[in-house]
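Trainee:
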Amino acid sequence: MGQYGLFLSALLPDIPFRRDFSLAAHTTVGVGGTADAFSPRSAGQLLSLLNLCKRCGIRFYPLGAGSNVLPCDGVFAGVVVTTSHFDRLGAEGECVTAECGVGTGKLLELCRRRGLVGLEFLAGIPARVGGLVCMNAGTREGHVGDLVESVTFARGGKIYTVGREACGFAYKESVFQHMSCVILSARFRLRQGVEGETEQNIARALERRQGLPKGKSMGCVFKNPSPDLSAGELIERSGCKGMRSGGALVSEAHANFLLNAGGATAADFYALIERVKARVAAQTGVILEEEICYMR
Numbered sequence: 056m057g058q059y060g061l062f063l064s065a066l067l068p069d070i071p072f073r074r075d076f077s078l079a080a081h082t083t084v085g086v087g088g089t090a091d092a093f094s095p096r097s098a099g100q101l102l103s104l105l106n107l108c109k110r111c112g113i114r115f116y117p118l119g120a121g122s123n124v125l126p127c128d129g130v131f132a133g134v135v136v137t138t139s140h141f142d143r144l145g146a147e148g149e150c151v152t153a154e155c156g157v158g159t160g161k162l163l164e165l166c167r168r169r170g171l172v173g174l175e176f177l178a179g180i181p182a183r184v185g186g187l188v189c190m191n192a193g194t195r196e197g198h199v200g201d202l203v204e205s206v207t208f209a210r211g212g213k214i215y216t217v218g219r220e221a222c223g224f225a226y227k228e229s230v231f232q233h234m235s236c237v238i239l240s241a242r243f244r245l246r247q248g249v250e251g252e253t254e255q256n257i258a259r260a261l262e263r264r265q266g267l268p269k270g271k272s273m274g275c276v277f278k279n280p281s282p283d284l285s286a287g288e289l290i291e292r293s294g295c296k297g298m299r300s301g302g303a304l305v306s307e308a309h310a311n312f313l314l315n316a317g318g319a320t321a322a323d324f325y326a327l328i329e330r331v332k333a334r335v336a337a338q339t340g341v342i343l344e345e346e347i348c349y350m351r
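Okay, so the sequence shown: first residue is 56 according to my numbering, each after it adds one.
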């Protein structure tokens with residue numbers, strides 16, 4: 056049982072609150088313990104929560120779809136802030152504005168209806184807009200940050216809106232990863248495609264993802280060291296395919312995917328990540344850097 060939720064909930068009784076929120080059930084890797092979780096219904100409620108957390112020195116962790124996240128076992132020492140209520144989405148001309156809780160499927164369906172082109176590379180990625188922007192999610196076909204016009208976020212008790220230049224977008228990187236904040240929404244500038252272009256691009260993106268490993272995972276765990284050097288290839292070359300720690304397994308299909316082979320714990324994944332990094336460093340001299348977020 057968390058040690059902070061009841062205290063905060065007593066002061067903020069209007070914000071939906073859950074004790075013993077299962078991290079395993081709300082992350083794509085399917086491991087982890089529990090947390091106290093709040094689900095604000097409005098920006099006002101979110102600001103009140105973040106402001107109180109700041110005043111009381113309580114950690115918070117925004118959680119959307121739970122992909123690209125490795126939680127902790129046991130009880131999280133802080134509170135989780137879920138974003139499911141922030142799901143408004145709209146388009147004006149070639150611009151789309153999406154709140155942080157909007158999933159990729161809903162976002163791309165709007166783009167398809169409007170014939171807007173640019174974000175189709177996200178098809179099949181289990182994520183929400185907040186995480187997509189924070190992680191500057193992308194593939195070889197593009198990255199979210201390239202299409203962001205502005206981002207609105209909450210920090211402490213205030214709301215800020217910044218342009219793309221202030222977001223610090225780089226490969227799998229943004230300034231939001233280093234701030235104690237919650238992304239509220241993003242505005243994307245796309246382009247009008249020709250008839251059927253959006254659908255065709257989505258279909259191609261989904262087809263490319265067919266070869267990725269099935270099962271519970273965090274997606275790719277490590278960043279590519281350079282544009283012409285693949286983390287997956289380095290891991291495979293170092294003989295790590297099939298390596299396991301407890302229930303955590305390096306995929307035989309794609310070495311940059313670590314799978315929950317059944318009964319895994321977060322500790323199994325932490326251990327396997329360190330083993331893979333050590334093996335790759337010893338075999339190739341390359342120090343791999345994680346792209347996943349640790350929740351511990």
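Even for Gly, the Cβ is constructed at its ideal location relative to N, Cα and C.
#1: Confirm the yes/no value for this check: CB of residue 179, any heavy atom of the ligand NAD, distance under 6 Å.
#2: Taking only the alpha-carbon atoms, compute the straight-line gap between residue 333 and residue 169 and give it to the nearest angstrom.
#3: State the Cα-Cα distance for the pair residue 269 and residue 350, rounded to the nearest angstrom.
#4: Whose CA, out of 109, 113, 137 and 119, lies closest to the CA of residue 70?
#5: To test your reading of the DSSP string, which unbroken beta strand (DSSP E) runs of 3 or more residues are found completely within the segment 182–206?
#6: Apart from the five residues on each side of it in sequence, which residues of its chain come closer than 7 Å, Cβ to Cβ, to residue 244?
#7: What first and last residue would you give for the beta strand (DSSP E) that runs through residue 216?
#8: What is the DSSP secondary structure of residue 89, reduced to helix, strand or coil?
#9: Do residue 276 and residue 313 come within 7 Å of each other at the CB atom, strictly closer than that value?
#10: Using three-state DSSP, classify residue 69 as helix, strand or coil.
#11: Of all the alpha helix (DSSP H) runs that stay within the bounds of the segment 140–174, which reach a length of 4 or more residues?
#12: Quick one, which of 128, 271 and 95 has its alpha-carbon nearest residue 63's?
#13: For residue 189 versus residue 238, is the C-beta distance shorter than 7 Å?
#14: If contacts are defined as beta-carbon pairs under 8 Å, then residue 172 and residue 256 qualify, I think. What distance do you get, rounded to the angstrom?
#15: What is the DSSP secondary structure of residue 287, reduced to helix, strand or coil?
#16: Between residue 89 and residue 130, which are expected to be in contact by the criterion C-beta below 8 Å, what is the C-beta distance as a whole number of angstroms?
#17: Quick one, are the C-beta atoms of residue 321 and residue 87 less than 7 Å apart?
#18: Beta carbon of residue 289, beta carbon of residue 335: below 7 Å?
#19: Given that a residue counts as buried once 16 or more other Cβ atoms are within 10 Å of its Cβ, and exposed if not, what is residue 295?
#20: Between 287, 272 and 179, which lies nearest to residue 279 when the distance is taken from Cα to Cα?
Mentor: Checking against the coordinates, here is how it stands:
#1: Absence of the ligand NAD is noted for the structure shown, with no ligands found whatsoever.
#2: Numbered from its first residue, the sequence shown carries residue 333 at position 278. Numbered from its first residue, the sequence shown carries residue 169 at position 114. The straight-line gap from Cα to Cα measures roughly 48 Å.
#3: As a position in the sequence shown, residue 269 is number 214, starting the count at 1. As a position in the sequence shown, residue 350 is number 295, starting the count at 1. Distance between the alpha carbons of residue 269 and residue 350 is about 23 Å.
#4: As a position in the sequence shown, residue 70 is number 15, starting the count at 1. The shortest C-alpha separation from residue 70 is found at 137.
#5: none
#6: As a first step, residue 244 is located in the sequence shown; it is residue number 189 there, counting from the start. Correct list, in chain order: 149, 150, 202 and 204.
#7: Walking along the sequence shown from the start, residue 216 turns up at place 161. Per DSSP, residue 216 belongs to the beta strand (DSSP E) from 213–218.
#8: Within the sequence shown, the letter at position 34 stands for residue 89. Residue 89 falls in the strand class under three-state DSSP.
#9: As a first step, residue 313 is located in the sequence shown; it is residue number 258 there, counting from the start. As a first step, residue 276 is located in the sequence shown; it is residue number 221 there, counting from the start. The answer is yes: Cβ separation under 7 Å.
#10: Position 14 of the sequence shown, counting from 1, holds the residue named residue 69. It is coil, neither helix nor strand.
#11: 159–169
#12: Locating residue 63 in the sequence shown gives position 8, where the first residue counts as 1. When only C-alpha atoms are compared, the closest one is 95.
#13: Reading the sequence shown from its first residue, position 134 is the one you call residue 189. Reading the sequence shown from its first residue, position 183 is the one you call residue 238. Contact: yes.
#14: Your numbering for residue 172 matches position 117 in the sequence shown. Your numbering for residue 256 matches position 201 in the sequence shown. With 8 Å as the limit, residue 172 and residue 256 qualify as a contact, their Cβ atoms being about 7 Å apart.
#15: Counted from its first residue, the sequence shown places residue 287 at position 232. Residue 287: helix per DSSP, three-state reduction.
#16: Counting from one through the sequence shown, the residue named residue 89 turns up at place 34. Counting from one through the sequence shown, the residue named residue 130 turns up at place 75. Residue 89 to residue 130, Cβ: 6 Å. Contact.
#17: Stepping through the sequence shown from its first residue, residue 321 is reached at position 266. Stepping through the sequence shown from its first residue, residue 87 is reached at position 32. Yes, the Cβ-Cβ distance between residue 321 and residue 87 is below 7 Å.
#18: Here residue 289 corresponds to residue number 234 of the sequence shown, with the count starting at 1. Here residue 335 corresponds to residue number 280 of the sequence shown, with the count starting at 1. Cβ atoms of residue 289 and residue 335: closer than 7 Å.
#19: To locate residue 295, count along the sequence shown from 1; it is residue 240. Per the 10 Å Cβ criterion, buried.
#20: In the sequence shown, the residue the question calls residue 279 occupies position 224. Among 287, 272 and 179, the Cα nearest to that of residue 279 belongs to 287.
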